[in-house]
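Structure first, then comments.
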Amino acid sequence: MSRPETGANASSWVAASRRDEALPRAPDTRPAEEPSQGGGRGQRTCAGGGQRGSFGLQQPEGAGIRVPPLSFKLKNDCVGAVIGRGGSNIKEIQSSTYTKIQIRRGCPEAEVRIFGTKAMQCKAKTVIDDLVKKQEEYKTEPKLGVAAVQLSDGKDAMKDVSGEQKLIDWDKFRENILKWNEKKWAGLPPVKKNFYIESEKTSSMSQEQVDNWRKENYNIICDDLKDGEKRPLPNPTCNFEDAFHCYPEVMRNIQKAGFQKPTPIQVLDEADKMLDMGFEPQIMKILLDVRPDRQTVMTSATWPYAVRRLAQSYLKEPMIVYVGTLDLVAVSTVTQNIIVTTEDEKRSHIQAFIESMSPKDKVIIFVSRKAVADHLSSDLGIRRISVESLHGNREQSDRERALKSFKTGKVRILIATDLASRGLDVHDVTHVYNYDFPRNIEEYVHRVGRTGRAGRTGVSITLITRNDWKIAGELINILERANQSSRFFRVTVI
């Protein structure tokens with residue numbers, strides 16, 4: 001402790017001490033001097049800071065000067081828990097106990113000094129001990145993988161508390177999962193799939209009749225994805241009476257609507273696009289809470305590896321139905337033109353195409369990036385050409401307005417990213433212009449499919465540069481399947 005001062009200063013110090021003993025004070029936030037060993041000048045610190053290696057305030061020049069500080073050791077890895085984020089814990093302790101706390105890091109332990117009255121020192125010490133106890137309990141409590149799973153020979157299957165590595169019995173682990181799933185769904189009533197009853201005419205069809213009907217209706221092919229012995233495939237329903245002979249009210253509505261025969265394909269979904277957008281975890285999360293005896297139908301216009309893996313993971317013993325072939329095929333009603341050019345000539349090509357458009361033509365210009373869509377639409381707008389743009393950075397109201405203007409014919413040119421390559425149904429689109437080649441060949445097929453719809457014909461024009469040569473082989477395969485392998489052009493715009 002430092003020596004008391006003499007003279008007038010000592011009298012004022014005693015008066016301050018007596019007032020402090022009568023009324024407890026909140027901690028002083030002014031900097032104070034830490035008494036040195038020789039009684040000389042001390043080093044200056046402040047609340048929540050001070051010299052390197054210390055934290056807190058020093059003893060004030062008034063309150064508790066006669067009470068020596070309470071000093072004790074603290075593990076260095078517990079200092080952070082006592083101080084708290086941004087010093088929140090230690091500030092709260094000081095304000096609630098009317099003390100001042102100094103923490104000085106050392107090796108191997110830190111030193112804690114509490115300044116204040118005896119009672120308040122003990123109170124602050126109790127709070128600090130509680131924080132340290134919570135920190136130690138958190139460090140020693142079992143984490144994921146510490147719980148023991150018994151093997152058949154009695155050994156632990158995971159790490160124990162001592163940290164010793166144990167073997168994992170994966171067979172037992174999978175068996176426990178199956179038991180848990182059975183227990184989870186045990187109380188549910190069975191699902192009766194009796195909404196469709198096969199008619200006598202359908203069940204009596206021979207295999208030759210089934211094969212001929214599927215071949216005449218877009219060459220439909222059905223197969224069982226289950227390994228080993230194949231299950232019998234249901235026969236197709238050739239007319240509405242075979243499908244709805246048990247539902248006369250449905251038949252009346254069908255006849256009233258004027259439908260003649262069933263369409264082989266009723267629904268097309270976008271399972272591959274959901275995978276590209278990263279929705280696989282959400283799909284898995286939904287299916288985890290759906291009973292396992294469900295009936296699931298998954299549809300997709302393309303059949304890449306990711307979609308096949310999704311079908312095997314989420315469907316139970318699935319069967320596959322596809323039209324024509326599983327290979328990528330562009331719609332046959334679209335004439336596909338490929339122009340080999342350079343990046344610098346692209347603007348000239350698009351300008352020449354727009355100038356050659358007839359009054360009845362309507363085109364979607366696909367680009368790879370949102371910035372390109374904005375720049376190209378601005379460039380055409382400066383030339384007084386009416387265009388609309390559609391991409392993800394535009395507000396929903398602006399997208400709807402742009403799409404409405406394009407559908408009604410107010411504008412005949414729509415510049416869009418791949419946001420418009422799926423789900424956009426505008427029947428009178430005459431041209432699709434691929435200003436930038438898409439990232440993958442599947443997107444090319446979807447882009448081309450925006451024209452030639454509802455029995456109409458269409459034209460697609462694709463600009464290819466040296467950067468796109470890596471997928472030229474896949475593009476040639478698509479053109480060959482559509483008997484258009486000679487639709488490559490080398491055009492120089494002057």
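Once you know that position 179 of the sequence shown is 179 in UniProt numbering, the rest is easy, because the numbers rise by one and skip nothing.
Cβ atoms here follow ideal geometry from the backbone N, Cα and C, with glycine treated the same way.
For clarity, every value in this text was computed on a predicted model and none was experimentally measured.
Look at Asn239 and Val210 and say whether their C-beta atoms are less than 8 Å apart.
For Asn239 and Val210, no; Cβs fall outside 8 Å.
Let's test the definition: count the other Cβ atoms within 10 Å of the Cβ of Thr296 and tell me whether it reaches 16, buried, or not, exposed.
exposed
In this structure, does DSSP put His349 in helix, strand or coil?
helix
With DSSP collapsed to three states, give me the class of Ser88.
In the structure shown, Ser88 sits in a helix (DSSP, three-state: H, G or I).
Coarse secondary structure for Cys78, derived from DSSP in three states:
Under the three-state reduction of DSSP, Cys78 is assigned to helix.
At least three beta-carbon pairs within less than 8 Å, the stretch 195 to 215 to the stretch 241 to 259
yes
For Lys285, is the classification buried or exposed, using 16 other Cβ atoms within 10 angstroms of its Cβ as the cut-off for buried?
With fewer than 16 Cβ atoms within 10 Å of its Cβ, Lys285 is classed as exposed.
From which residue to which residue does the alpha helix (DSSP H) around Ala330 run?
Note, Ala330: premise wrong, no alpha helix (DSSP H); not H, not E.
Identify every residue that forms a DSSP beta bridge with residue 504.
With the chain represented from 1 up to 494, any question about residue 504 goes unanswered, as that position is not in the structure.
Cα-Cα separation between Val459 and Leu287, rounded to whole angstroms:
41 Å
In the DSSP assignment, find the beta strand (DSSP E) that holds Asn434 and state where it starts and stops.
His431 to Asn434
Considering Cys222, what are the terminal residues of the beta strand (DSSP E) in which it resides?
That run of the beta strand (DSSP E) goes Ile220 to Asp224.
If the criterion is Cβ atoms closer than 8 Å, does the pair Lys362 and Arg412 meet it?
yes
Backbone secondary structure at Gln295 - three-state DSSP:
coil
For Tyr322, which beta-bridge partners are listed by DSSP?
Ile221
In or out: Lys184 buried (at least 16 other Cβ within 10 Å) or exposed?
exposed
Are the Cβ atoms of Ile114 and Pro69 separated by less than 8 Å?
yes
Indicate whether Arg450 and Val432 have their beta-carbon atoms separated by less than 8 Å.
yes
What are the boundary residues of the alpha helix (DSSP H) that includes Arg174?
Trp170 to Lys184
Residue range of the unbroken alpha helix (DSSP H) whose run includes Ser203
Glu200 to Ser203
Residue from Val445, Val112 and Val67 with nearest C-alpha to Val82:
Val112
Please report the Cβ distance between Arg231 and Asp224, rounded to the nearest whole angstrom; I am assuming they are in contact, meaning their Cβ atoms lie under 8 Å.
5 Å
On the DSSP bridge list, what partners appear for Gly458?
Val334
Specify the secondary structure class of Arg384 as computed by DSSP and reduced to three states.
coil
Cut-off 8 Å between Cβ atoms - residues of its own chain near His427, not counting five sequence neighbours on either side
Arg453, Ala454 and Arg456
Using a Cβ distance threshold of 8 Å, determine whether the stretch 417 to 426 contacts the stretch 385 to 393, with at least three qualifying pairs required.
yes
Three or more C-beta pairs closer than 8 Å, one from the stretch 334 to 353 and one from the stretch 459 to 473: is that the case here?
yes
Beta-bridge partners of Ser389, as assigned by DSSP
BP columns for Ser389 point to Ile415.
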